[in-house]
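Shown next, in C-alpha cells, is the structure this report addresses.
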Amino acid sequence: MSYTISPAFKGLSCQVCGQQSHGRRFDVLCCLPCAAFFRRYNGLKTKRRCQRENKCEKLGIEFLKKCKICRYRKCISIGMKMTKDEKILEEKGEESFIQNFIEAYEEYVTFQQKLFFNIYPEKLYQQTLVS
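For the sequence shown, our numbering gives the first residue as 155, with consecutive numbering after it.
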C-alpha cells in the first residue's frame, strides 16, 4: 500500500521504528503502521509480557516490531499519548463523539449568527418573502 507523504515530513523518520514518517500523530512523528498499532494496543485491557526480558529494542527493529509490549513501551517512552478527542472515542464510543461534534457545531452557528447581526444590524428585523 502506498501513501502520499506531505513535503513537510519527507526525510523525517518515525520515532518508533525508524521508517519514513507520515506526519505527527499522537503527539510524535511516526509512520502510519506505528500510529495504528498504538491506537489499537492502547485500548487493550490486558497487556502481554515480553519473551526476551524487555530487550527487543536493543536486539533490533525486527524484534521490536514483533514484540507488542516492547513496541508499546517504546511508543510511551517517546511521548505518544491519546488526544482528548481520541480518548472520548475510546471511552465513550462514537455516539458521544458525534454528540460533542453536534454541540460544537450548534455553538459555531449561533456565534456566526450573532456576528452577522452585529455587522449588519439592519438585517435583524428584515423579513424575506419567498414566492
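Just so it is clear, CB atoms sit at the ideal spot from N, CA and C, and this is done for glycine as well.
Looking only at F265, K212, T264 and E261, the smallest Cα-Cα distance to V170 is reached by K212. In the three-state reduction of the DSSP assignment, S167 falls in the strand class, which pools E and B. For the pair I223 and C204, the CB atoms are nearer than the 7 Å cut-off. Counted as a single uninterrupted DSSP element, the alpha helix (DSSP H) harbouring C210 occupies residues C210 to L213.
The continuous alpha helix (DSSP H) containing L186 extends over residues L186 to N196. Taking a C-beta distance under 7 Å as the contact criterion, L218 and C210 qualify as a contact pair. Annotated three-state conformation of Q174 is strand, per DSSP. Of the residues assessed, R178 falls on the exposed side of the cut-off, its CB having fewer than 16 other CB atoms within 10 angstroms. Taking 7 Å as the cut-off, the beta carbon of L278 is found no closer than this to the beta carbon of F270. In the three-state scheme derived from DSSP, where H, G and I count as helix and E and B as strand, R225 is classed as helix. Distance from the CA atom of R202 to the CA atom of K164, rounded to whole angstroms, is 34 Å.
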